[in-house]
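Participant:
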Ligand SMILES: CC(C)(COP(=O)(O)OP(=O)(O)OC[C@H]1O[C@@H](n2cnc3c(N)ncnc32)[C@H](O)[C@@H]1OP(=O)(O)O)[C@@H](O)C(=O)NCCC(=O)NCCS
């Protein structure tokens, strides 16, 4: 597929729709608006003006980076779109690093997607060195 365009703009509705398509947690309109204003790196994949994928990176500018919203629509999966977006995000991080520095890049893999991330050097936790990654959905 060589007619994919990459941009950094997505509407709130397209964002919510994309998340819904892959069964990600439903966000409120308010959360979606804030999320789309607060990121270090955002990449949107489009084909014929239709949004078909996205990836977002939260980064403190120093040493902690977190991937979020790594999505490719099911009918476009398996065409290296996810790979291109992850590689561009990692290239972005490298432009923000001085020689010799390290950044801890984190993510919570969806079930069954670990192998995708392993392609880019991510390792499953726990292992001999690290404890488990931990998370919770906090409800108010
Ligand atoms: C995970 C996801 C983003 C991958 O996107 P994609 O565009 O289909 O992946 P790509 O085609 O770029 O795949 C890149 C490589 O990863 C491999 N890969 C893709 N999904 C994989 C999986 N679930 N397990 C193991 N390897 C996988 C591909 O075979 C390919 O390998 P290659 O480079 O050796 O040929 C996509 O499946 C998706 O959006 N899933 C639903 C939402 C989701 O779960 N996102 C992850 C949230 S943490």
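In our numbering, the protein residues as written are 323 to 462. No residue lacks a Cβ here, since even glycine has one placed at the ideal position from N, Cα and C.
#1: Need the endpoints of the beta strand (DSSP E) that residue 393 sits in, please.
#2: Taking 8 angstroms as the line, does the beta carbon of residue 393 fall inside it for any heavy atom of ligand 1?
#3: DSSP three-state call for residue 447: helix, strand or coil?
#4: Helix, strand or coil for residue 381? Go by DSSP, reduced to three states.
#5: Give the range of the beta strand (DSSP E) segment to which residue 367 is assigned.
#6: Residue 431: which of 395, 354, 346 and 369 sits nearest, CA to CA?
#7: Quick check on the burial criterion: 16 or more other C-beta atoms within 10 angstroms. Buried or exposed for residue 364?
#8: Within the region 395 to 461, note down every full alpha helix (DSSP H) run reaching 4 residues or more, in order along the chain.
#9: Taking 8 angstroms as the cut-off, is the CB of residue 429 close to at least one heavy atom of ligand 1?
#10: Please classify residue 330 as buried or exposed, where buried requires at least 16 neighbouring CB atoms within 10 angstroms.
#11: Can you give me the start and stop residues for the alpha helix (DSSP H) that residue 340 sits inside?
Facilitator: In terms of the structure at hand:
#1: Indexing the chain shown from 1 puts residue 393 at position 71. Note, residue 393: beta strand (DSSP E), 386 to 394.
#2: On the chain shown, position 71 is the one that residue 393 refers to. Residue 393: yes, Cβ under 8 angstroms from ligand 1.
#3: The residue given as residue 447 occupies position 125 in the chain shown. Three-state result, residue 447: coil.
#4: As a working note, residue 381 is residue 59 in the chain shown. Three-state DSSP puts residue 381 in a strand.
#5: Along the chain shown, one-based indexing puts residue 367 at 45. Its beta strand (DSSP E) spans residues 363 to 369.
#6: To locate residue 431, count along the chain shown from 1; it is residue 109. Comparing Cα positions, the closest option is 346.
#7: For the purposes of this step, residue 364 is taken as residue 42 along the chain shown, with counting starting at 1. Answer is buried; the Cβ neighbour count reaches 16.
#8: 403 to 417 and 436 to 440
#9: On the chain shown, position 107 is the one that residue 429 refers to. Residue 429 Cβ: within cutoff of ligand 1.
#10: Reading the chain shown from its first residue, position 8 is the one you call residue 330. By the 10 Å Cβ count, residue 330 comes out exposed.
#11: Reading the chain shown from its first residue, position 18 is the one you call residue 340. It spans 334 to 343 - the alpha helix (DSSP H) in which residue 340 sits, taken as one unbroken run.
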